Amino acid sequence: MSTRQLKVVIVTGRSIEQGVAIEGGKMEIEYVRACGVCYMDPSDMEKLDILEGDPVLLKTEHGEVVLTALRSEAAPHEGVVFVPMGPWANKIIDPDTTSTGMPSFKGVEGVIQKVEKVEQRPPTPRDIVEEVKKTEGSKYA
Amino acid sequence: MPKIVTDVVCPFCGCLCDDIEIVVEDNRIVEVRNACSLGTAKFMSVQKEDRIKKPMIRKDGEFVEASLKDAIKKAAEILVNADRPLLYGWSSTECEAHRIGIMLAEELGAVIDNTASVCHGPSIIAIQEIGMSSCTLGQVKNRADLIIYWGSNPSSAHPRHLSRYTMFCRGFFRDKGAKERTLVVVDVRKTDTAKLADYFLQVKPGGDYELIQALRYVIRTGELDKKEVSGVPRDLIIEVAELMKNCHFGALFFGLGLTMSKGKHRNIDAALSLVRDLNKYTKFVLMPMRGHYNVTGFNTVATWMTGYPFSIDFSRGYPRYNPGEYTAVDVLLREECDAALVVASDPVSHFPRKAAEHLARIPLIVIDPHWTPTAMLADVILPPAVAGIETEGTAYRMDHVPLMLKKVIEPPEGCIPDRELLKMLLEEVRELKKKGA
């Protein structure tokens, strides 16, 4: 049986937890708790049989990332998911600036589903640094 | 004995709240009064264990502590040997550092850009095309009876904005405070700010442009032949349009919901035009909700030094301006720069991954007091004294009012302000260039 998927529009932005976590805690686990998350509309969670705290996979044509699903307090916003700004959100947003200097941090289309392996978790800040270090042509390669 | 430092300016967001009280004991901050949770986190962060206190140079893949002189020398060598260095960041430091940074960019023939390009850069582009009817936050507090937040959630990003400047404060001509004001919020989600609103317009993602134009149409004609626009029902649009036309003093604050969504600067064009139209009927102003506490400061200093607010290229020896070409994300996506200096910013976290990846390919110098994903990729780290807490300086509030940042405690031994670090770097660059010539 293939995993059920749901088409969503991804909006990224600030949250109060994000603002507190970035102050001297960017390599800490609090940063993942604040920003490695995905706020979902309760009806969307029901459609995919997702409970609060479950890991979910969010995919766009620009990349994919595992996030922790949280029930949105800003609902209803069916079909829209909110991911706080940070290195997790930035794996999946559209980098094209259409000659304005500004990538599309809001309004990116993607799909969301349960993770395929239950042990999958959002990457830590250290994991993210290691991922970036493995870039093709990197000085660390 | 604890010492209480009063009237401290908070160096977190563009509100620059200037009523903060800090309790200091033995050069440690023990209490922060009046600030929001963001401001409190910032003040307390200087004492966190992750603080970088010594300059670092990467040797054989590992960070090694270095003397300030050696770290500056290494940084200057990287910059002088680069053909197209990128100087980025600047929004969380004082204006005095901006000035030296721009002099350094000119000396190097570098590209210099600041975080506005991934924040309110599109707003600046639109303001340059249309012009802006604006005022100070004091004017809003004393006069405004209609407050609109569009694509902006101050409850998360500027927590004291409503209580200090817009809704929940008494003004000279608004002495009954919130009872004399109406709050309208336009957002894609029912945010904590939207929950406070008298009118909430839930717009579909990417539908802001149509909604603004629909409001303009209704303001001109009084009618609308669509049942809904971008998910907002006709009756609500007509009611809010009437409210805007008939208020005494309206203020529209807009955030990244407009600048980052489809249309980008065109959304702001429309918002500026809406406010221009409204001034035929009443007094109406508009203001971008600037995020970093001194992003406005960089745009101001850069404008009086080069003529341009951000996205500036000095490669021909004189400043040129072109967002989309000299903006940091584009320079990185094109893999164009061959070295970077990042000051008070974390592009590895906040840029699209594809742009951040180029920072792993090139020599990178970071001026930051904390470990961040960007600092983790650096070749040279220069730890500064934190502006507004450990050193004084100038910062511009979101309404372009300059305020003096205070020094509350002494910095860790050997940590000097950004402006001093940059001055040393500039002198070393000049010295190296002289030797090279």
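Chains as they are written, first to last, in our numbering: chain A, 180 to 320; chain B, 118 to 554. Glycine included, each C-beta is placed from N, C-alpha and C at the ideal position. It should be emphasised that the depicted structure is a prediction, and the values quoted were computed from it without experimental measurement.
With a CB to CB cut of under 6 Å and the five nearest residues on each side skipped, what residues in its chain are close to residue i?
{"i": "B/Lys400", "result": "Phe366"}
{"i": "B/Ala311", "result": "Val302, Asp304 and Phe317"}
{"i": "B/Asn270", "result": "Thr308 and Thr310"}
{"i": "B/Leu225", "result": "Leu196 and Pro202"}
{"i": "B/Pro528", "result": "Ala502 and Glu507"}
{"i": "B/Leu263", "result": "Thr299, Cys364 and Gly367"}
{"i": "B/Val140", "result": "Pro119, Ile121, Val147 and Glu148"}
Mark residue i as exposed unless 16 or more other C-beta atoms lie within 10 angstroms of its C-beta, in which case mark it buried.
{"i": "B/Lys190", "result": "buried"}
{"i": "B/Tyr398", "result": "exposed"}
{"i": "A/Ser278", "result": "exposed"}
{"i": "A/Glu225", "result": "exposed"}
{"i": "B/Asn384", "result": "buried"}
{"i": "A/Leu230", "result": "exposed"}
{"i": "A/Val297", "result": "exposed"}
{"i": "B/Arg407", "result": "buried"}
{"i": "B/Lys296", "result": "exposed"}
{"i": "A/Asp223", "result": "buried"}
{"i": "B/Met118", "result": "exposed"}
{"i": "A/Thr182", "result": "exposed"}
{"i": "B/Phe371", "result": "buried"}
{"i": "A/Ser283", "result": "buried"}
{"i": "A/Gly192", "result": "buried"}
{"i": "B/Thr123", "result": "exposed"}
{"i": "B/Thr338", "result": "exposed"}
{"i": "B/Lys552", "result": "exposed"}
{"i": "A/Ala320", "result": "exposed"}
Any beta carbon from chain A within less than 7 Å of residue i's own beta carbon?
{"i": "B/Met220", "result": "no"}
{"i": "B/Val346", "result": "no"}
{"i": "B/Met377", "result": "yes"}
{"i": "B/Trp488", "result": "yes"}
{"i": "B/Lys307", "result": "yes"}
{"i": "B/Ser466", "result": "yes"}
{"i": "B/Thr420", "result": "no"}
{"i": "B/Ala502", "result": "no"}
{"i": "B/Val335", "result": "no"}
{"i": "B/Lys170", "result": "no"}
{"i": "B/Asp200", "result": "no"}
{"i": "B/Pro558", "result": "Summary: the structure shown does not reach residue 558 of chain B, with chain B confined to residues 118 through 554, and so no result is reported for it."}
{"i": "B/Leu279", "result": "no"}
{"i": "B/Met404", "result": "no"}
{"i": "B/Asp177", "result": "no"}
{"i": "B/Asp342", "result": "no"}
Run through the DSSP bridge pairs and tell me what residue i is partnered with.
{"i": "B/Ala183", "result": "Answer is none; B/Ala183 lacks a bridge partner."}
{"i": "B/Gly268", "result": "For B/Gly268, which the question treats as bridged, DSSP gives no partner whatsoever."}
{"i": "B/Arg437", "result": "B/Asp430"}
{"i": "B/Ala456", "result": "B/Pro202"}
{"i": "A/Arg250", "result": "A/Met219"}
{"i": "B/Cys130", "result": "B/His409"}
{"i": "A/Gly192", "result": "A/Pro263"}
{"i": "A/Asp273", "result": "A/Ser283"}
{"i": "B/Arg150", "result": "B/Glu138"}
{"i": "A/Lys238", "result": "A/Glu243 and A/Val290"}
{"i": "B/Thr511", "result": "B/Met521"}
{"i": "B/Ile121", "result": "B/Val140"}
{"i": "B/Lys176", "result": "B/Glu179"}
{"i": "B/Asp230", "result": "B/Tyr205"}
How about residue i: is its C-beta nearer than 7 Å to some C-beta of chain B?
{"i": "A/Ser317", "result": "yes"}
{"i": "A/Ala253", "result": "yes"}
{"i": "A/Gly203", "result": "yes"}
{"i": "A/Thr401", "result": "Because chain A spans 180 through 320 in this model, residue 401 of chain A falls outside it and cannot be assessed."}
{"i": "A/Val190", "result": "yes"}
{"i": "A/Met219", "result": "no"}
{"i": "A/Pro302", "result": "no"}
{"i": "A/Lys312", "result": "yes"}
{"i": "A/Val187", "result": "no"}
{"i": "A/Val216", "result": "no"}
{"i": "A/Met224", "result": "no"}
{"i": "A/Val211", "result": "no"}
{"i": "A/Val308", "result": "yes"}
Only counting the same chain, and skipping five residues up and downstream in sequence, which positions put a Cβ closer than 8 Å to that of residue i?
{"i": "A/Lys205", "result": "Pro304"}
Leaving out five residues on either side along the sequence, give the residues of the same chain with a beta carbon under 7 Å from the beta carbon of residue i.
{"i": "B/Ile217", "result": "Arg536, Leu539, Lys540 and Leu543"}
{"i": "B/Pro239", "result": "Thr376, Lys381, His382 and Ile385"}
{"i": "A/Glu209", "result": "Ala200"}
Would residue i count as contacting chain C if we go by Cβ distances under 7 Å?
{"i": "A/Thr276", "result": "Among the protein chains in the structure shown, which are A and B, there is no chain C."}
Task: Validate contact between the segment 296-308 of chain A and the segment 256-269 of chain A using beta carbons, cut 8 Å, 3 pairs - done: Taking 8 Å as the limit for Cβ pairs, the verdict is that the segment 256-269 of chain A does touch the segment 296-308 of chain A.
Open item on the list: Measuring CB atoms only, is the segment 386-398 of chain B touching the segment 233-248 of chain B, in the sense that at least three cross pairs come out at less than 8 Å?
Closed with: The segment 386-398 of chain B vs the segment 233-248 of chain B: in contact.
Open item on the list: Under 8 Å: do the segment 478-497 of chain B and the segment 509-517 of chain B share three or more Cβ pairs, one atom per stretch?
Closed with: Taking one beta carbon from each stretch, the segment 478-497 of chain B and the segment 509-517 of chain B have fewer than 3 pairs nearer than 8 Å; the two do not touch.
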